[in-house]
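>
There are 2 protein chains.
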Amino acid sequence: MPRSPNTRAAKAGSVTLATVARRAGVSPQTVSNALNARELLRPENLERVRRAVDELGYRPHRAAQTLRTRSSKLIGYGIRPTAPGTSTPVMDRFLHALSQTADEAGYRILLFTSPPGSAGLDGYEELLDLHSVDGFVLSGTDRGDQRQAWLEKRGVPFVGFGRMWSGRQIGDWVDVDGASGTDAAVEHLVGLGHRRIAFLGWPRGSGVGDDPAMGWQRAMRRHSLPVRGKRAQSVDDIASAQAAVGPLLDAGATAVIAASDMLALGCYHALRERRAVPGTDVAVVGFDDSPTAVLLSPGLSTVAQPLEAVGRECVRLLLARMSEIGAPPEHVLLEPSLVVRDSASASDD
Amino acid sequence: MPRSPNTRAAKAGSVTLATVARRAGVSPQTVSNALNARELLRPENLERVRRAVDELGYRPHRAAQTLRTRSSKLIGYGIRPTAPGTSTPVMDRFLHALSQTADEAGYRILLFTSPPGSAGLDGYEELLDLHSVDGFVLSGTDRGDQRQAWLEKRGVPFVGFGRMWSGRQIGDWVDVDGASGTDAAVEHLVGLGHRRIAFLGWPRGSGVGDDPAMGWQRAMRRHSLPVRGKRAQSVDDIASAQAAVGPLLDAGATAVIAASDMLALGCYHALRERRAVPGTDVAVVGFDDSPTAVLLSPGLSTVAQPLEAVGRECVRLLLARMSEIGAPPEHVLLEPSLVVRDSASASDD
DNA sequence: CAGCAGTTTTGGAACGCTCCAATGAACTCG
DNA sequence: CGAGTTCATTGGAGCGTTCCAAAACTGCTG
Numbered sequence: 272m273p274r275s276p277n278t279r280a281a282k283a284g285s286v287t288l289a290t291v292a293r294r295a296g297v298s299p300q301t302v303s304n305a306l307n308a309r310e311l312l313r314p315e316n317l318e319r320v321r322r323a324v325d326e327l328g329y330r331p332h333r334a335a336q337t338l339r340t341r342s343s344k345l346i347g348y349g350i351r352p353t354a355p356g357t358s359t360p361v362m363d364r365f366l367h368a369l370s371q372t373a374d375e376a377g378y379r380i381l382l383f384t385s386p387p388g389s390a391g392l393d394g395y396e397e398l399l400d401l402h403s404v405d406g407f408v409l410s411g412t413d414r415g416d417q418r419q420a421w422l423e424k425r426g427v428p429f430v431g432f433g434r435m436w437s438g439r440q441i442g443d444w445v446d447v448d449g450a451s452g453t454d455a456a457v458e459h460l461v462g463l464g465h466r467r468i469a470f471l472g473w474p475r476g477s478g479v480g481d482d483p484a485m486g487w488q489r490a491m492r493r494h495s496l497p498v499r500g501k502r503a504q505s506v507d508d509i510a511s512a513q514a515a516v517g518p519l520l521d522a523g524a525t526a527v528i529a530a531s532d533m534l535a536l537g538c539y540h541a542l543r544e545r546r547a548v549p550g551t552d553v554a555v556v557g558f559d560d561s562p563t564a565v566l567l568s569p570g571l572s573t574v575a576q577p578l579e580a581v582g583r584e585c586v587r588l589l590l591a592r593m594s595e596i597g598a599p600p601e602h603v604l605l606e607p608s609l610v611v612r613d614s615a616s617a618s619d620d
Numbered sequence: 272m273p274r275s276p277n278t279r280a281a282k283a284g285s286v287t288l289a290t291v292a293r294r295a296g297v298s299p300q301t302v303s304n305a306l307n308a309r310e311l312l313r314p315e316n317l318e319r320v321r322r323a324v325d326e327l328g329y330r331p332h333r334a335a336q337t338l339r340t341r342s343s344k345l346i347g348y349g350i351r352p353t354a355p356g357t358s359t360p361v362m363d364r365f366l367h368a369l370s371q372t373a374d375e376a377g378y379r380i381l382l383f384t385s386p387p388g389s390a391g392l393d394g395y396e397e398l399l400d401l402h403s404v405d406g407f408v409l410s411g412t413d414r415g416d417q418r419q420a421w422l423e424k425r426g427v428p429f430v431g432f433g434r435m436w437s438g439r440q441i442g443d444w445v446d447v448d449g450a451s452g453t454d455a456a457v458e459h460l461v462g463l464g465h466r467r468i469a470f471l472g473w474p475r476g477s478g479v480g481d482d483p484a485m486g487w488q489r490a491m492r493r494h495s496l497p498v499r500g501k502r503a504q505s506v507d508d509i510a511s512a513q514a515a516v517g518p519l520l521d522a523g524a525t526a527v528i529a530a531s532d533m534l535a536l537g538c539y540h541a542l543r544e545r546r547a548v549p550g551t552d553v554a555v556v557g558f559d560d561s562p563t564a565v566l567l568s569p570g571l572s573t574v575a576q577p578l579e580a581v582g583r584e585c586v587r588l589l590l591a592r593m594s595e596i597g598a599p600p601e602h603v604l605l606e607p608s609l610v611v612r613d614s615a616s617a618s619d620d
């Protein structure tokens with residue numbers, strides 16, 4: 272009568288409910304109850320089953336449970352196809368939070384490299400085991416993203432990380448209030464005595480890109496500061512940003528808020544080119560708190576997204592959606608936080 | 272007779288093999304064959320089944336398949352619990368490659384936040400649906416890692432990313448030949464005319480850390496260059512690295528090879544502190560090709576790990592292991608590549 | 001101590017699929 | 001033209017679990 276489960280576990284897979292039942296001298300159904308509805312059992316029997324489970328190293332067979340209960344306890348997560356160069360340091364923390372939170376609710380995360388609804392999949396591949404999953408988390412949802420519509424049509428519960436900027440609003444989403452982040456950045460800079468605060472963003476038109484610009488603008492207006500001629504745009508690339516920020520610096524900006532750390536780095540370069548020192552001569556604030564931000568000198572002040580919280584909220588919303596399919600869509604907008612480093616910490620106007 | 276699957280797909284989940292069989296006028300088994308062993312069917316019947324599948328929007332129920340075939344077509348991947356500060360830009364690309372390759376073989380990746388075998392899980396939680404997975408990929412395996420032993424004892428196929436540096440060798444692994452990377456770095460620097468090439472590594476003792484040092488050493492010896500007094504060590508932190516590299520610079524090193532980009536960045540700082548310019552006055556080579564490397568100025572030359580290849584190999588080895596359990600352990604050592612940027616591109620000794 | 005309500009346990013069926021062995025159809029050949 | 005051979009299809013069983021309804025045990029009352 273070995274107390275160690277490991278000796279048996281070697282030939283595992285064959286330990287089933289029935290095995291445990293025989294050992295404990297009860298029916299399979301009772302064992303099932305012991306596991307899923309312990310309040311039904313007489314304490315004495317429950318203990319007996321517990322012991323049998325222990326001794327045999329029994330573990331329920333997920334597939335069988337899934338088949339019977341019609342719930343896989345799996346959440347799909349669609350990874351965005353990342354280009355070799357473009358790193359998304361974002362995903363790491365987010366995914367971790369996602370997995371962790373899901374775990375706590377008894378769910379696991381299943382990775383989908385090409386998320387359902389993405390193009391290029393013919394009818395057969397596309398439909399492959401979608402229903403091995405109870406719900407879906409989409410990330411990097413953007414304009415013209417068809418995944419939401421695709422999932423909704425099929426009645427699969429889902430939550431997006433990223434709001435829908437255009438078109439019909441469908442489904443739940445969690446997002447970070449970028450405007451609030453740049454707004455806070457302006458507040459911070461104003462507090463340091465800055466007046467001529469410029470903004471370097473992405474080309475207009477994308478919702479994601481316009482959002483931070485909005486925050487900058489409204490904060491500037493609130494302080495009755497001028498925004499005209501204080502805004503430039505560039506693609507997310509150092510050289511372009513460096514070029515784009517030039518006119519702003521020429522016009523005498525004492526601070527620049529950028530829509531990404533990459534753009535902010537372009538500012539660094541532009542400043543150095545002019546023999547000016549970031550943080551000392553001109554304040555710079557980035558966006559994203561990428562791993563690089565802390566490594567720069569001076570350290571880059573930047574708006575950090577609460578990725579862990581986003582992950583948690585995604586799971587929370589998804590679980591809610593799964594429990595009541597028909598409920599009205601829910602949206603969660605989370606506040607980012609300003610991480611202050613040397614690139615914007617002391618007044619020097 | 273709607274040609275569109277979508278109209279029916281709304282009430283999906285109820286479309287089963289039997290449904291398709293009725294529609295196509297064959298037996299359920301034949302439909303199954305059409306899907307899994309098409310060569311058994313007469314072309315005419317196969318077409319008939321195909322059409323029925325199409326019209327009904329049928330998709331096989333993974334759980335049922337799993338239950339019957341005893342193969343979940345799932346590969347577990349243990350995420351390392353990442354501390355909030357510590358970013359692992361590595362994981363992103365690797366995970367993507369993993370998922371992609373698995374996909375192509377008809378497998379999916381299932382995330383495990385706390386990988387089996389990690390401490391802190393009591394007997395019940397720990398065993399939770401391990402056998403919902405056909406095999407396991409472990410990453411960041413290190414000294415004293417008990418996960419391998421744990422999995423082996425339970426007869427679960429697995430592959431580690433990272434070799435086992437100590438103890439009994441168990442299981443397959445894929446790793447990057449760090450020594451070869453630093454060796455190549457030395458070659459490159461020697462080619463540029465450098466002679467006093469120093470090495471900045473992590474504290475001795477960890478296999479992972481000693482590996483790059485080894486490559487540096489052997490390459491130096493090959494060129495009859497001195498290694499004495501040319502080696503320093505530091506924890507993976509800018510300030511420490513900056514301090515640690517001091518003596519090497521004082522001793523007149525014209526080039527420094529670092530065991531990580533973080534350490535290399537410490538060199539940058541130390542050099543600037545002495546009013547020297549990285550890449551111009553002293554060459555610096557890092558390790559990892561982190562996203563930051565390309566963003567620095569000068570761009571950091573660094574040893575890049577072939578993460579995509581590692582991901583692919585992991586899956587390949589795992590599939591091989593799963594197909595023949597008893598085969599002797601297989602190990603794959605991949606060559607990293609030197610990415611040359613401005614921090615080490617022109618001789619200036 | 002039969003009767004009844006309440007609690008605890010149980011047998012049987014079903015989830016959707018694939019394995020296995022057996023049937024039927026078509027085809028070859030002595 | 002019946003026997004052997006191959007090829008295509010089929011029925012039945014079973015994977016391990018939970019649902020459902022019925023059965024067996026309590027304990028309490030009249």
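These protein sequence lines map, in sequence, to chains A and B.
Count along the first sequence from 1, add 271, and you get the number used in the numbering used here.
Count along the second sequence from 1, add 271, and you get the number used in the numbering used here.
Using N, Cα and C, we set each Cβ at its ideal position, and we do this for glycine too.
(1) Would you report the Cα separation of B:Arg612 and B:Val556, rounded to the nearest angstrom?
(2) From the DSSP output, in three-state form, read off A:Asp443 for me.
(3) So what does DSSP say about B:Arg293, is it helix, strand or coil?
(4) Measuring alpha carbon to alpha carbon, tell me which residue in A:Ala450, A:Trp487, A:Val527, A:Arg425 is nearest A:Ile596.
(5) Buried or exposed for A:Arg492, going by 16 or more other Cβ atoms inside 10 Å?
(6) Three or more beta-carbon pairs under 8 angstroms between the segment 507–516 of chain B and the segment 438–455 of chain B, yes or no?
(7) Please state whether the Cβ-Cβ distance between B:Val516 and B:Cys538 is less than 9 angstroms.
(8) Can you give the Cα-Cα distance for B:Thr340 and A:Leu338, rounded to whole angstroms?
(9) Measure the C-alpha to C-alpha separation of A:Ala289 and A:Val297 and round it to an integer number of angstroms.
(10) In this structure, what does DSSP give as the bridge partners for A:Thr528?
(11) Taking 9 angstroms as the cut-off, decide whether the C-beta atoms of A:Asp559 and A:Asp532 are in contact.
(12) Among the residues of its own chain, which have a CB less than 6 angstroms from the CB of A:Lys282, if the five just before and after it don't count?
(13) Pull up the CB-CB distance for B:Asp454 and B:Gly486, whole angstroms please, since I reckon it's below 8 angstroms.
(14) Using a C-beta cutoff of 9 angstroms, does B:Val603 count as contacting chain A?
(15) Kindly indicate which three-state DSSP category A:Pro518 falls into: helix, strand or coil?
(16) Which residues, in chain order, does the segment 476–498 of chain B contribute to contact with chain A at a C-beta distance below 8 angstroms?
(17) Write down the C-beta distance between B:Ala530 and B:Gly480 rounded to the nearest angstrom, noting that I regard them as a contact closer than 8 angstroms.
(18) Closest to B:Leu382 by CA distance: which of B:Glu375, B:Ala376, B:Ser370 is it?
(19) Anyone know if the C-beta pair for B:Ala541 and B:Arg467 falls short of 9 angstroms?
(20) Are the Cβ atoms of A:Val586 and A:Ala376 separated by less than 9 angstroms?
(21) Consider the Cβ of B:Ile509: report whether some Cβ of chain A lies at a distance smaller than 9 angstroms.
(22) Along the chain, where does the beta strand (DSSP E) that runs through B:His459 open and close?
(23) Go to A:Leu605, then tell me how far its beta strand (DSSP E) extends in each direction, as first and last residue.
(24) Answer yes or no: does any C-beta atom of chain A fall closer than 9 angstroms to that of B:Gly394?
(25) Along the chain, where does the alpha helix (DSSP H) that runs through B:Leu567 open and close?
(26) With a threshold of 6 angstroms on Cβ separation, who are the neighbours of B:Ala524 within its own chain once the five nearest residues in sequence on each side are excluded?
(27) What is the rounded straight-line gap between the Cα of A:Val286 and the Cα of A:Asp325?
(28) Report yes if the C-beta distance between B:Leu590 and B:Leu536 is below 9 angstroms; otherwise report no.
(29) Mapping the DSSP letters down to three states, classify B:Gly411 as helix, strand or coil.
(30) Do you know how far the Cα of A:Thr301 is from the Cα of A:Ala292?
(31) Specify the secondary structure class of A:Ala512 as computed by DSSP and reduced to three states.
(32) Roughly how many angstroms separate the alpha carbons of A:Arg418 and A:Asn316, rounded to a whole number?
(33) Which residues in chain A have a C-beta closer than 9 angstroms to the C-beta of B:Pro577? List them in chain order.
(34) Using a C-beta cutoff of 9 angstroms, does A:Gln371 count as contacting chain B?
(35) Measuring only between beta-carbons, confirm whether A:Ile380 sits less than 9 angstroms from chain B.
(36) What first and last residue would you give for the alpha helix (DSSP H) that runs through B:Ser303?
On the basis of the data shown:
(1) 9 angstroms
(2) strand
(3) helix
(4) A:Arg425
(5) exposed
(6) no
(7) yes
(8) 13 angstroms
(9) 9 angstroms
(10) First, the amino acid is wrong: residue 528 of chain A is Ile here, not Thr. Looking at the DSSP assignment, A:Ile528 forms a beta bridge with A:Phe470, A:Val556.
(11) yes
(12) Note that A:Lys282 scores a pLDDT of 44, beneath 50, so its modelled location is shaky and nothing firm can be said.
(13) 4 angstroms
(14) no
(15) helix
(16) none
(17) 6 angstroms
(18) B:Ser370
(19) no
(20) yes
(21) yes
(22) Counting along the chain, B:His459 falls outside any beta strand (DSSP E), though it belongs to the alpha helix (DSSP H) covering 449–462.
(23) 602–605
(24) Its pLDDT being 39, under 50, B:Gly394 is placed unreliably by the model, and the measurement read from it follows with that caveat. Cβ-Cβ to chain A under 9 angstroms: yes for B:Gly394.
(25) It is not in any alpha helix (DSSP H) - B:Leu567 carries neither H nor E in the DSSP assignment.
(26) Arg467, Ala469
(27) 11 angstroms
(28) no
(29) coil
(30) 8 angstroms
(31) helix
(32) 50 angstroms
(33) Chain A residues near B:Pro577: none, gap ~12 angstroms exceeds 9 angstroms.
(34) yes
(35) yes
(36) 299–307
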